[in-house]
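Q: Let me give you the structure first, and then I'll get to my questions.
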Amino acid sequence: MRGVDYYPEQWPLELMDDDLDRIVELGADTIRIGEFAWHLMEPAHGAYDFSFFDDVIARARSRGLDVVFGTPTATPPAWLATECDIASRFADGTARSFGGRHTACPNQPDYRQACEDVVRRLAAHYRHEAGIVAWQLDNEFGHEGADDCFCDACAVAFRAWLRERFGGDIERLNDTWGTVFWSQQYNDFDEVPLPRATITTHNPALRLDWLRFRSDTLSRFAADQARWVREERPGAVIMHDFPGGGLAKHVDYADVAKSLDVIGYNNYPVWGGQKEPLPPAEIAFGLDHMRGLNRGTPLWITEAIMGAQGHDVTGFLPRPGQAALWSVQALARGATGLCYFRYRQATKGAEQFCYGIIDADNRVGRRYREVRDVFEFARGIEPVLEAPVDAPVAILADYRSRACWEIQQQSILMDVPAEMARWHGLFHARNIMVDIVAAGEDFSGYRLLVVPHMILTDPTVADRLGDFVSAGGTVLVMFRSFAKDEDNNLAFGATLPLLTQEWLGVEVAETESVQSLDEFCLDRCADSWSGPAQARGGVFRDMLTAGKGTEVLYRYRDEFFPDYAALTRRNTGKGRAYYLGCLPDRDLQEAVVDALVADAGIAHVETPEDVEYVRRGEKAFVLNHRSSAVTCDLPGHGAIELAPFGYEIIEAVDAD
Amino acid sequence: MRGVDYYPEQWPLELMDDDLDRIVELGADTIRIGEFAWHLMEPAHGAYDFSFFDDVIARARSRGLDVVFGTPTATPPAWLATECDIASRFADGTARSFGGRHTACPNQPDYRQACEDVVRRLAAHYRHEAGIVAWQLDNEFGHEGADDCFCDACAVAFRAWLRERFGGDIERLNDTWGTVFWSQQYNDFDEVPLPRATITTHNPALRLDWLRFRSDTLSRFAADQARWVREERPGAVIMHDFPGGGLAKHVDYADVAKSLDVIGYNNYPVWGGQKEPLPPAEIAFGLDHMRGLNRGTPLWITEAIMGAQGHDVTGFLPRPGQAALWSVQALARGATGLCYFRYRQATKGAEQFCYGIIDADNRVGRRYREVRDVFEFARGIEPVLEAPVDAPVAILADYRSRACWEIQQQSILMDVPAEMARWHGLFHARNIMVDIVAAGEDFSGYRLLVVPHMILTDPTVADRLGDFVSAGGTVLVMFRSFAKDEDNNLAFGATLPLLTQEWLGVEVAETESVQSLDEFCLDRCADSWSGPAQARGGVFRDMLTAGKGTEVLYRYRDEFFPDYAALTRRNTGKGRAYYLGCLPDRDLQEAVVDALVADAGIAHVETPEDVEYVRRGEKAFVLNHRSSAVTCDLPGHGAIELAPFGYEIIEAVDAD
Amino acid sequence: MRGVDYYPEQWPLELMDDDLDRIVELGADTIRIGEFAWHLMEPAHGAYDFSFFDDVIARARSRGLDVVFGTPTATPPAWLATECDIASRFADGTARSFGGRHTACPNQPDYRQACEDVVRRLAAHYRHEAGIVAWQLDNEFGHEGADDCFCDACAVAFRAWLRERFGGDIERLNDTWGTVFWSQQYNDFDEVPLPRATITTHNPALRLDWLRFRSDTLSRFAADQARWVREERPGAVIMHDFPGGGLAKHVDYADVAKSLDVIGYNNYPVWGGQKEPLPPAEIAFGLDHMRGLNRGTPLWITEAIMGAQGHDVTGFLPRPGQAALWSVQALARGATGLCYFRYRQATKGAEQFCYGIIDADNRVGRRYREVRDVFEFARGIEPVLEAPVDAPVAILADYRSRACWEIQQQSILMDVPAEMARWHGLFHARNIMVDIVAAGEDFSGYRLLVVPHMILTDPTVADRLGDFVSAGGTVLVMFRSFAKDEDNNLAFGATLPLLTQEWLGVEVAETESVQSLDEFCLDRCADSWSGPAQARGGVFRDMLTAGKGTEVLYRYRDEFFPDYAALTRRNTGKGRAYYLGCLPDRDLQEAVVDALVADAGIAHVETPEDVEYVRRGEKAFVLNHRSSAVTCDLPGHGAIELAPFGYEIIEAVDAD
C-alpha cells in the first residue's frame, strides 16, 4: 500500500482530477479518505448522502487507485452536538466544547446510536464497492486526552461495568477494594463515585478499575464499530490508525488491536514545539510497539510525514531526505503500507500548519519528489519487505501495571513508558530487534524478556515467566515488579516479590522510593561479573536478600543497610533470571544489557552511532540518521558510504 | 490639566474642605471623581441620588477647581448583582464573583440597561454643570482579564455578530471558516460554539472572529456610553483612561479611541511584585502607543504615580525625584494633562497599598512636595507643551495580526507586543521619536515604517505600503508578515508573502518556526552592507528567494539550505524595503536600525545611556533616568549636568 | 500512654487475638480505634450498631489494654453522601468527590445533624465503658485543604456569622469594611459574596472576616462535638489529634484546643515525596507549637511513625534508630503519651504505603523491636517525664495577622510560619526551649518574647507587650508589626507602628516590600553593639526614625535614604525592646539572638550541631540526630559518646 491522505471535501471540486492525476504520478496506488467527514455524509439527522464519495471513488478507480475509507465518528456534526448533550467532560466536570475533535463521549447513548447508524449506513452503501480495500475505524482512539471523560454517562457505564465485574454483588466490591478503609463501604453500586477531585486521594483499587473501565470503553467502542462494518460489509478489512505515545494513554491498544485486521500507525517523529525530531531509537520504539500489537497483524504507516507539523505551535522542518529516511525506517521495521499525511496542506481549519507533500501554493516541489522516490524504492524491494521481522527480545507491556504506577507514582521520577523506551534504546543501539509485547500474549518464543516494573501480579503471567526461564530463557526483572495483587492491593502475609521468588531467588527485605536519579552507590561483589566495580543508582531501592543459589552482583553501599543486594542473578532450569533493585547509571545499564545479550546468545551487528542496521531475511537495511555523510564498516561489505540521511539495502551480515 | 484623583466618598465629610484646600495649594486645577461610585449614585434600583457629588462639585468650584467626572460602570452595585445574573465568566464557565471590579459582562442586557440608565441620569443631572470639563467613560476597559468573557449572553451576542458579518448566510460562514475540516459545518448560527476548552484546538478563523467580537464588545460599549453622555449633555468632552499593556489585550484600543475627545492613560512604571520599575524605553513605549491612538487626540496622564503601588503584593518605592521624572517624561512625549493617583492612600478596600501624594497618616511629606514642584514646572513650560510631537518613524499595530499570533503562536518565543517594544527601544536609544499607529490609519506622512509580523494581509494596507515605498518611504517588514488572508486562512495557489512581492522582491521558499533565540548563523553577502560579517538568529526562519533586483544582505548558513536569504533590501520607486526573515541578534538589530535611519534621512541626537532627549519645537527635554548624576555633552550646549533623576528644558539641538 | 493505632475493622476477625497479644508484648497499654469507622457503626441511616467495637473493647480489656476512641466524623458514609448534598466545594465551586476524607462540609446541616446523631449515640453507648480512657474528636481538623470550603451552606453560615458580628447592622459592616471603595456597599447581608475568584482581588477586610469565619467553623464544630460527647458521657476526656503544619491553615488551633483535655499530635518528620526528613529543629517547632496550645494541657503523640509514609508518592525510609529518636525527642519536649501509626500496614485503601510497626507481611521485624525498646525506655523514665518543660522564650502566634499576610502577602518572600520557624531554629540551636504561644494568652511569665510580623494591632496585646517590657522583659518586634487595625484596614491619621511607639521608640517613615532576600546593605552604627560591622537584608524595608532615647544599631546604606534605621533598641522600665525593619542575613540573625539571650539572662548549654539537649527538672535528654556517632562534651560530664541516632538521659548541666 502506497498512499496519500487526501481530503477531497476540503477543496473545490474542479481540483480533484488534477489532484488524482498527480497522486498517480507520484507512484501511489491508494487514497485514504472519509475520516472526519460526517456532516458531508449526514448533513442533518438521518439525511444520509454518500454521493460526494461515490464521485470521489469513481474518479479514483478510473485511475486505478484503491481507497481506504474511514468511519467519521471522531467528529460528530454540530447538529448532533446541538440536539443532544454528547460532550465528554474534563475531570472538573467542564464539558468539552464542540469545535475540536473527539469531544463526544462513547458512553453517551445518543452519540453511540448516531455512530452505529452512520457507520452501518456507510458500510452498507459500499457493500459491493471493490475499490475500498480497507476500512479505518474512527481516528486515533483516545488521543489528546480523549481517553478520559468524567460525564454522567460514564458514571452510569462505570457502575454497570462494576456490576458486571462483581456479579452484581456490592459486598464483593467492598471486599475487593477494601472500602472499610475510610468508611467507604457502598450499599449499592449507584453510590460509587467517579475518581473526581477530592481531598487527598481515591481508593487505589477503585482507580485501577476506573482505568480498566476507561480502556474497555474504547476497546469496546472499537469492537462495536468493527462489528457494524463487518455485518454490513462481510469480509471488510478493518484497520485503525493509532497515534504515538500509546503506552501512556488510558487505553490498552493491545485490546483494541484484537478487533483489527491491519494495524495503522500515525508516525510523527516531529511535532509542533519540538526543537528537534525524536532520536531514531524513540521512533523505532513506537514502530516496535505497533508491530507488537496482536503480533502477526500487518502494519501500515497511515500517516507518514514529509513537512513540518503542528497545530498552534509549529516547528522543525525536516531536512531534505530526513522524512524520507523515517519512511524507510518504518519499512525496515515491518511496515508494509505507507500513506502520507497529507497530500496537500490545508488552507483552513486547525491543521493549516501540517505541511503536506505539496503546500497550499499547490506547486510540485522538493517534498513531492522525495515521496516519489520513496515509493519507487519501496516498489523495488517488495521481496525484502515480505521477509519477517525477527526479534529475539521482548519488552513486556502491562496496561494495568502502568495504570497502577500512574495511580501511585511512588517515586516522582517513575515513568514506566520512559523506562521501557530506555531499555529498548540500549538494544536499539546494538541493532538488536525488540518487540513490545503485551504480557498476556505468548512470549515463549523469545530468547530474552525484559519485565519493566510489572507491579501487579497476574499469577498466570508469573507462572509463564517461570516456565520461560526453566525452558532456557533469560529474564530481566526491574524493581517493584510483583509487589501488588491483581486488584492493586498489597498481599497479606506474603513477602515480595509475589509468586516469583522461586526462580528470581530474592526477597525484598526493605524498600524505599528515592526522589533522585543519583542517590546512592553500588559496589560490585561477584568475581564472575565484569561490569563496573562501582556504580550509582536511584529512583527506587528494593533491598534484596538473596536466596540460596542466587548470585549477588552488586550491593548497596550504606552505613545502615550494608548487606542488601541491588542486582542478583539466578540460574533456574536451563535459563537465568536477573533482578534489578534500582535504576543504575548508564554504564551499569550497558553492562547489564551486554550480559543479557551474551546469556541469551543473541548475535548483533555493530554500526556507528545513529546508523541503524535492520536485518530482513537475507537482506538488511542500513540507515544513516545523521545529517552528515558516514562510512560504515560491515563484515563482508567493507566500507559503505552513506549520504546524509542516506540508506541502502545490502546483503545481510553474519553477525557475531 | 493638573489634577489629582480624589475619592471624596471614601472619607469623612469633615475632611473634604481641608483636602480641597491642600489640593489647591498643591497647584492642581482639577479633581477627578465619580468613577466606581455607582452605589452612591443609585443605592437601590432606580433610586438615583447625585446630591453627594453636587456638594463635592460645589466645594471644588468655590476653590476654582475643575472636575473630570467618571461614569461608574466599572463597578455595578451589589443589589444589581443580586437581582440579576450579570456576572462575566472565566473560560471554564465559572462566574466572576462580585467583590472585585469589572466583573459584569457588557453583553449582559440587564447590566447594559442599568449602565445606560445611570449614565444618562448622571449626564442629564449635570447637563449644565460648567465645572465638569470632561467625562471619563468607565475605567480601564478590558484590563485585568475583563476583555474575556464566556457567559451565555456573550454566546448570544457572538452569534448575532456573526449573523451581521455573514449577512445571515450560514454557508458564507462555513465557507469562510472552512468548517468542512473536522466536520464542523453549521446548519445554523445558533450551533456555533464559543471557543471554550476542547480537545486540541478550535478553528483559527472562528477564533479570529471571536477576538474581533471581543474587541467590538468593548469598543461598542465605549461608543454607546459616549453617545449616552453626549445625548444628555451636548458638547461633553469624552475621555477614557486606558491601562498599560494595551497591545496585549482582546480589545483594539485604536477602535475605542474613535469615540473619544481625549485619550487618558494610567501610567504605572512600577507595580506590585516588580523588583524594579520598567526601563525608560518601555515607559516611553506605552506613552507612544497612547499618543498614536486616533492621532491628534489630546493625551492626558489620568493616573500618574508618586508612591509604591500594588494590590496584594506591593513593591518598589520610587526613589526621591524618580516618579516626578516619569511625569516629566510623559509631558515630554506629548501629555498635556497630568493627574495623580491618588490624592491620599486609602485606608480600606483592595487598593490600600497604592500609596498616594499623601499617605493614610494624612501628613504633607516628600511626595506632596514633589508633585507641587512638577505642577510648578509644568505651568512654566506651557508654550513648550503646545509644540507638536514630531515622529519620523511609525511602528504599525494590527490588532487582528496580533490576535492571529495569539491564536497560533507558531514559535513559543513569539510575542508581538514584546517585538514591537524591542524595535521601539532601538529607536528610543537613538532619541528618535516613534508613533505606534494602527495599520488602518494614514501612515503616508512618516519617513520610516516598521511592520512587525503583520501576518494577516489586508489588501488595502498592502497597497498603501507599496505606495509608501514608491513615494520614497523606507519600510522594514518582519518575518511571517502577509502569510495569511484576512480571515486567518492560508491562501490557495499563492506564494508568500502575499500581495507584497512586487515591492519586497522576495518569495518565501520554505519556512520553519524555531524554539530558541539563538539557533542558526547568518553570513553577510553584500559588499554594500556594513553590518557584522556574521550574526546569529532565531524564533523563525523564513527562507527567502530574492527576486531580480533584490539585494541579499545575509544568507542562512545551513548544510541543506545554503542559498536562502535571511535579510534582503530592494529599491522600488523612490523608496526602499527590507525583509527580515528571522529575529537576528542585537548587533544586527542595531545595524538594521542604523541602515533604516540612514536610508530615511532621519537626524538624531546622541546621549549617554538612560538619558532621554525629546525635542518639542525649538526646545527639548533632557531627562536623566539614572539614580546617579550624569554629564551630557550636547552640540551647542557643552556639558550639561543632570542630578539623579534630574531634567532640564534646553534649546533644541541641531541633530545630525 | 503507650499505644498503637489499630484498625481492627480492616482485618479478618480471626487475626484480632494474635494482634492484641503482640500489642501487649510490645509493651503498649492502649489501642486507638474508631476514627473513620462510621459505616461500621451506622451502615444505613439511623441503623446504629456498635457490636463490632463492643467485641474489640472486650478483647482489649481482657488483656489490660485501654482504649482511645475516635468519633468517626472525618469520613461520613457513602449512603449519606448519596442521600444529601453534603460535599464541600473547592474555590471554583467544584464539589469534592466522595472517596477521599474530610469531603463533607461542617456547615452543611444534614452532615452536622448526622454527626451529632452518631457521636451522641456512640458516646451514650459507651457511657459506662471504663476501658475508654479518652475520646478523640474527628481527625486532623482542617488538614489537606479541609479548612477551605466554598459551598452554598458556607455562604449561608458566613452571612449568619457576619450578622452576629455586626449586630445585624449592615451599615456597620459597610463602614468597617470600607465597602464604598469600588461601590461594594451591601444593602443586605445576603448580598455579601464569598471570596471566590474575581477580577483583581476582594476587599481585605472581607477576606479577613472570611478567614476568621473559616476558623470559627472548625473550632465551633470541635466545641459541638466535645459537648455532645460530654453530655452523653459525663467526665469524658476529650482529645483531638492535630496534624502538622498547623500555623499555615485556615483554623486557629489555639481556639480548637480550648475544647480539649488532651492535645494530640500526629508527628510526621517525613512524608511521601520528601527526599529527607525534616531537620530536628523543624520537628521540634511542631512539638513546641503543640505544647503551646492552651498551655498546661497534656500532650500526646497520637501518630508517631516508624516506617516510610506517603499516599501516592512514597519516600524516605527512616534509618534504624532514627524514628525511635523522633519518639524520644517528643518525650523530651513534653509528650506524655506515645501512640504509633500504625500497628500494621494496610493492604487496601489509600494508605497502603504508610508502613507500620509491622508490614503487610505480618512478620515481627526491626521496627517492632525498635518500638518495644522505646516503650521500655519510656516506662523507665516516668519521673523525668513528669518534670515540667521550662521555656524562657515565647514566639507569639497570631492567627489573624497570619491570615492578613496570606490575604496581602506584600512581598512574595513573606511566609510567616516559615519566619517563626526560622527564629525558633536559632533558639533551638542554642538548646533554649521556646513555646509557641497565641498572642491572646498570658505571656507575662516569659523572659523573652519574639513578635513576628504581627501586622494586626490588637490594643490589648499592644498594651500587654508594653507592660511586659516595663516589667523587665525583652522583646524583639519584626518589621510590619502593628501596621493595620484589627479589621485589616490602615489607620487614618496615625503613623506606624500603631499603639506601640512609646516603648518601641521608632516611627516608620517610609516602607517598601522587597522581592529578594539579599537586596541591600546594613551598616552598624552603635559602638555598644558587637554584631557584624556590615550585614545584608531583604524581604521588606521599614525605614525607621528613632525616637529620643532609642539606640540605632544599624542603618540602611542607601544613596537616597541614608538616615533611616534598620535595627533599633530601647530600654523602657526594666526591660528592653528591639525593632527589626528587615530580614537580615544569618550572621546578623545570630547576633540579634545572642543579644536577646544575654539581655534576658537566659543560660544555655552548647552542644555539637544536630545534638539536642533538653532539660527536664534535674535530668536532661541528650539526643544525637546524626547518622554517625558523636562525642559531646558537657560540663560535669566529660565526653559523652552517642551512637548514630543515639540518646541518653543524664544529670542536668548547670548552664552558663
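Residue numbers (the numbering used here), protein chains in the order written: chain A, 1 to 656; chain B, 657 to 1312; chain C, 1313 to 1968. Cβ atoms here follow ideal geometry from the backbone N, Cα and C, with glycine treated the same way.
#1: Could you check if Ser1100/B is buried or exposed, using at least 16 other CB atoms within 10 Å of its CB as the buried criterion?
#2: Here's the rule: buried if 16 or more other CB atoms are within 10 angstroms of the residue's CB, otherwise exposed. What is Asp587/A?
#3: Over what stretch of residues does the alpha helix (DSSP H) that includes Ala716/B continue unbroken?
#4: Evaluate contact between the stretch 109-119 of chain A and the stretch 76-92 of chain A, counting only Cβ atoms and requiring at least three cross-stretch pairs below 8 angstroms.
#5: Suppose contacts are defined by Cβ-Cβ distances below 8 angstroms. Is Gln1846/C in contact with Arg1853/C by that definition?
#6: Taking CB distances under 8 angstroms as the criterion, tell me whether Asp804/B reaches chain A.
#7: For a minimum of 3 consecutive residues, which ranges assigned as the beta strand (DSSP E) are wholly contained in the stretch 1383-1453 of chain C?
#8: Would you kindly report the start and end of the unbroken alpha helix (DSSP H) that includes Glu171/A?
#9: Exposed or buried, what is Lys1660/C when buried is set at 16 or more other beta-carbons lying within 10 Å of its beta-carbon?
#10: Is the number of C-beta pairs between the stretch 213-229 of chain A and the stretch 404-418 of chain A that are closer than 8 angstroms three or more?
#11: Kindly give me the distance between the Cβ atoms of Val629/B and Arg1086/B, rounded to whole angstroms, as I take these residues to be in contact under 8 angstroms.
#12: Evaluate Ala1616/C with the Cβ neighbour count: other Cβ atoms within 10 Å of its Cβ, from every protein chain shown; 16 or more gives buried, anything less gives exposed.
#13: Could you check the C-alpha separation between Thr71/A and Asp19/A for me, to the nearest Å?
#14: Run through chain A and tell me which residues come within less than 7 angstroms of Trp838/B, C-beta to C-beta.
#15: Judging by CA-CA distance, which residue of Asp1046/B, Ile1014/B, Thr970/B is the nearest neighbour of Ala988/B?
#16: When you compare only the Cα positions, how much space is there between Val1864/C and Leu994/B?
#17: Is the stretch 1620-1637 of chain C touching the stretch 1284-1299 of chain B, taking contact as three or more C-beta pairs under 8 angstroms?
#18: With a threshold of 16 other CB atoms inside 10 Å of the CB of Leu669/B, please say whether the residue is buried or exposed.
#19: Would you please verify whether the beta carbon of Gly834/B is less than 8 angstroms from any beta carbon of chain A?
#20: With a cut-off of 8 angstroms, do at least 3 Cβ pairs link the stretch 1480-1491 of chain C to the stretch 1517-1526 of chain C?
#21: Take the Cβ of Asp844/B as the centre, count every other Cβ of all protein chains shown within 10 Å, and call the residue buried at 16 or more, exposed below.
#22: Suppose the cutoff is 6 angstroms on Cβ atoms and the five residues either side in sequence are ignored; what does the same chain contact list for Arg1375/C look like?
#23: When you compare each of Trp135/A, Glu129/A, Cys105/A, Pro109/A to Val119/A by their alpha carbons, which one comes out closest?
#24: According to DSSP, Leu1761/C sits in a beta bridge with which residue or residues?
#25: For Phe1217/B, which of Lys1230/B, Gln1245/B, Val712/B, Leu1178/B has the nearest alpha-carbon?
#26: Can you have a look at Arg1136/B and say buried or exposed, based on whether 16 or more other CB atoms are within 10 angstroms of its CB?
#27: Could you compute how far the alpha carbon of Gly1231/B sits from the alpha carbon of Gly1122/B?
#28: Hey, out of Met1732/C, Asp1897/C, Phe1689/C, whose CA is closest to Ile1961/C's CA?
#29: Based on the DSSP secondary-structure assignment, which residues constitute the bridge partners of Tyr579/A?
#30: Measuring straight from C-alpha to C-alpha, what distance separates Phe1957/C and Ser1940/C?
A: The relevant details are as follows:
#1: Stepping through the second sequence from its first residue, residue 1100/B is reached at position 444. Exposed.
#2: Your numbering for residue 587/A matches position 587 in the first sequence. With fewer than 16 Cβ atoms within 10 Å of its Cβ, Asp587/A is classed as exposed.
#3: Walking along the second sequence from the start, residue 716/B turns up at place 60. Counting along the chain, the alpha helix (DSSP H) containing Ala716/B begins and ends at 707-718.
#4: yes
#5: Within the third sequence, numbered from 1, the residue matching residue 1846/C stands at position 534. Within the third sequence, numbered from 1, the residue matching residue 1853/C stands at position 541. Taking 8 angstroms as the Cβ cut-off, Gln1846/C and Arg1853/C do not qualify as a contacting pair.
#6: Here the question's residue 804/B lines up with position 148 in the second sequence. Not an interface residue.
#7: 1444-1448
#8: What you label residue 171/A is simply residue 171 of the first sequence in a count that begins at 1. Looking at the DSSP string, the run of the alpha helix (DSSP H) that includes Glu171/A is 170-177.
#9: Your numbering for residue 1660/C matches position 348 in the third sequence. Burial call: buried.
#10: no
#11: The structure shown has nothing for residue 629/B, since chain B only spans 657 to 1312.
#12: Taking the first residue of the third sequence as 1, we reach residue 1616/C at position 304. Label assigned to Ala1616/C: buried.
#13: Working through the first sequence from its first residue, we reach residue 71/A at position 71. Working through the first sequence from its first residue, we reach residue 19/A at position 19. If you take the alpha carbons of Thr71/A and Asp19/A, they lie about 23 angstroms apart.
#14: Residue 838/B sits at position 182 when you count from the first residue of the second sequence. Those are Phe36, Thr75, Arg101, Gly349, Ala350, listed as they occur along chain A.
#15: As a position in the second sequence, residue 988/B is number 332, starting the count at 1. Considering only alpha carbons, the answer is Asp1046/B.
#16: One-based indexing of the third sequence puts residue 1864/C at position 552. One-based indexing of the second sequence puts residue 994/B at position 338. Approximately 40 angstroms between the Cα atoms of the pair.
#17: no
#18: Reading the second sequence from its first residue, position 13 is the one you call residue 669/B. Looking at its Cβ environment, which holds fewer than 16 other Cβ atoms inside 10 Å, Leu669/B is exposed.
#19: Here residue 834/B refers to the residue found at position 178 of the second sequence. For Gly834/B, the answer is yes, since a Cβ of chain A falls inside 8 angstroms of its Cβ.
#20: yes
#21: Start at 1 with the first residue of the second sequence, and residue 844/B comes out as number 188. Exposed, since its Cβ has fewer than 16 Cβ neighbours within 10 Å.
#22: As a first step, residue 1375/C must be located in the third sequence, where it is residue number 63. Taken in chain order, the residues that qualify are Leu1332, Val1336.
#23: Within the first sequence, numbered from 1, the residue matching residue 119/A stands at position 119. With distances taken between Cα atoms, Val119/A lies closest to Trp135/A.
#24: Walking along the third sequence from the start, residue 1761/C turns up at place 449. Paired residue(s): Ala1706/C, Val1787/C.
#25: Taking the second sequence and counting its residues from 1, one reaches residue 1217/B at position 561. Ranking the options by Cα distance to Phe1217/B, first place goes to Leu1178/B.
#26: Sequence index remark: in the second sequence, residue 1136/B carries index 480 (1-based). Buried, because 16 or more other Cβ atoms sit within 10 Å of the Cβ of Arg1136/B.
#27: Here residue 1231/B refers to the residue found at position 575 of the second sequence. Here residue 1122/B refers to the residue found at position 466 of the second sequence. Cα-Cα distance, rounded: 9 angstroms.
#28: Here the question's residue 1961/C lines up with position 649 in the third sequence. Nearest option by C-alpha distance: Phe1689/C.
#29: Looking up residue 579/A in the first sequence gives position 579. DSSP output for Tyr579/A lists Val477/A, Thr568/A as bridge partner(s).
#30: Walking along the third sequence from the start, residue 1957/C turns up at place 645. Walking along the third sequence from the start, residue 1940/C turns up at place 628. About 7 angstroms.
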